[in-house]
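Residue numbers (our numbering): 515 to 591.
Inspection log for the structure reproduced underneath, given as C-alpha coordinates.
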(Lines of atoms letter the chains of each structure in order from A; the text may use other names.)
(Lines give C-alpha, C1' and ligand atoms only; values in the text may rest on other atoms or scores of the structure.)
Protein backbone atom coordinates (compact mmCIF):
# COMPACT_ATOMS: atom_id res chain seq x y z
CA UNK A 515 0.00 0.00 0.00
CA UNK A 516 2.78 2.44 0.92
CA UNK A 517 4.54 1.52 -2.30
CA UNK A 518 1.56 2.94 -4.19
CA UNK A 519 2.18 6.29 -2.49
CA UNK A 520 5.91 6.38 -3.18
CA UNK A 521 5.87 4.81 -6.64
CA UNK A 522 4.88 7.90 -8.66
CA UNK A 523 7.26 10.10 -6.65
CA UNK A 524 10.15 7.71 -7.28
CA UNK A 525 9.23 7.52 -10.97
CA UNK A 526 9.48 11.32 -11.26
CA UNK A 527 12.83 11.35 -9.47
CA UNK A 528 14.17 8.51 -11.61
CA UNK A 529 13.19 10.36 -14.81
CA UNK A 530 15.95 12.90 -14.16
CA UNK A 531 18.61 10.36 -13.12
CA UNK A 532 21.20 8.52 -15.16
CA UNK A 533 21.01 4.70 -15.22
CA UNK A 534 24.23 4.54 -13.17
CA UNK A 535 22.73 6.77 -10.47
CA UNK A 536 19.56 4.67 -10.39
CA UNK A 537 21.62 1.51 -9.89
CA UNK A 538 23.72 3.23 -7.21
CA UNK A 539 20.53 3.92 -5.26
CA UNK A 540 19.33 0.32 -5.49
CA UNK A 541 16.92 0.78 -8.36
CA UNK A 542 13.26 1.63 -8.01
CA UNK A 543 12.66 -0.71 -5.08
CA UNK A 544 15.73 0.54 -3.23
CA UNK A 545 14.63 4.14 -3.58
CA UNK A 546 11.14 3.29 -2.33
CA UNK A 547 12.71 1.48 0.64
CA UNK A 548 14.85 4.56 1.44
CA UNK A 549 11.83 6.87 1.26
CA UNK A 550 9.89 4.62 3.63
CA UNK A 551 12.80 4.61 6.08
CA UNK A 552 13.07 8.41 6.05
CA UNK A 553 9.29 8.76 6.37
CA UNK A 554 9.27 6.48 9.42
CA UNK A 555 12.15 8.40 11.01
CA UNK A 556 10.43 11.74 10.37
CA UNK A 557 7.20 10.47 11.93
CA UNK A 558 9.07 9.45 15.09
CA UNK A 559 10.77 12.88 15.28
CA UNK A 560 7.44 14.68 14.82
CA UNK A 561 5.86 12.52 17.55
CA UNK A 562 8.65 13.41 19.98
CA UNK A 563 8.37 17.12 19.10
CA UNK A 564 4.60 17.03 19.64
CA UNK A 565 5.09 15.37 23.04
CA UNK A 566 7.47 18.09 24.22
CA UNK A 567 5.23 20.81 22.79
CA UNK A 568 2.30 19.36 24.75
CA UNK A 569 4.36 19.19 27.96
CA UNK A 570 5.47 22.81 27.47
CA UNK A 571 1.89 23.99 26.85
CA UNK A 572 0.67 22.16 29.96
CA UNK A 573 3.49 23.76 31.97
CA UNK A 574 2.52 27.24 30.74
CA UNK A 575 -1.13 26.56 31.59
CA UNK A 576 -0.19 25.38 35.09
CA UNK A 577 1.94 28.50 35.67
CA UNK A 578 -0.94 30.70 34.51
CA UNK A 579 -3.44 28.95 36.81
CA UNK A 580 -1.09 29.17 39.79
CA UNK A 581 -0.47 32.87 39.11
CA UNK A 582 -4.21 33.60 38.95
CA UNK A 583 -4.81 31.65 42.16
CA UNK A 584 -1.96 33.53 43.86
CA UNK A 585 -3.45 36.92 42.96
CA UNK A 586 -6.97 35.84 43.96
CA UNK A 587 -5.55 34.70 47.29
CA UNK A 588 -3.62 37.98 47.71
CA UNK A 589 -6.66 40.14 46.90
CA UNK A 590 -9.38 38.37 48.89
CA UNK A 591 -7.54 36.82 51.82
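Idealized CB from N, CA, C, for every residue including glycine.
Could you check the C-alpha separation between residue i and residue j for me, to the nearest Å?
i: residue 547; j: residue 561; result: 21 Å
i: residue 588; j: residue 569; result: 28 Å
i: residue 522; j: residue 581; result: 54 Å
i: residue 549; j: residue 584; result: 52 Å
i: residue 567; j: residue 573; result: 10 Å
i: residue 564; j: residue 571; result: 10 Å
What distance in whole Å lies between the Cβ atoms of residue j and residue i, which are believed to be in contact at a cut-off of 8 Å?
i: residue 542; j: residue 531; result: Not a contact, Cβ separation roughly 11 Å.
i: residue 545; j: residue 552; result: Actually they are not in contact, since the Cβ atoms of residue 545 and residue 552 sit about 11 Å apart, beyond 8 Å.
When we look at the beta-carbon of residue i and count the other beta-carbons within 10 Å, is it buried (16 or more) or exposed?
i: residue 524; result: buried
In terms of residue numbering, what span does the alpha helix (DSSP H) encompassing residue i cover?
i: residue 549; result: 541-590
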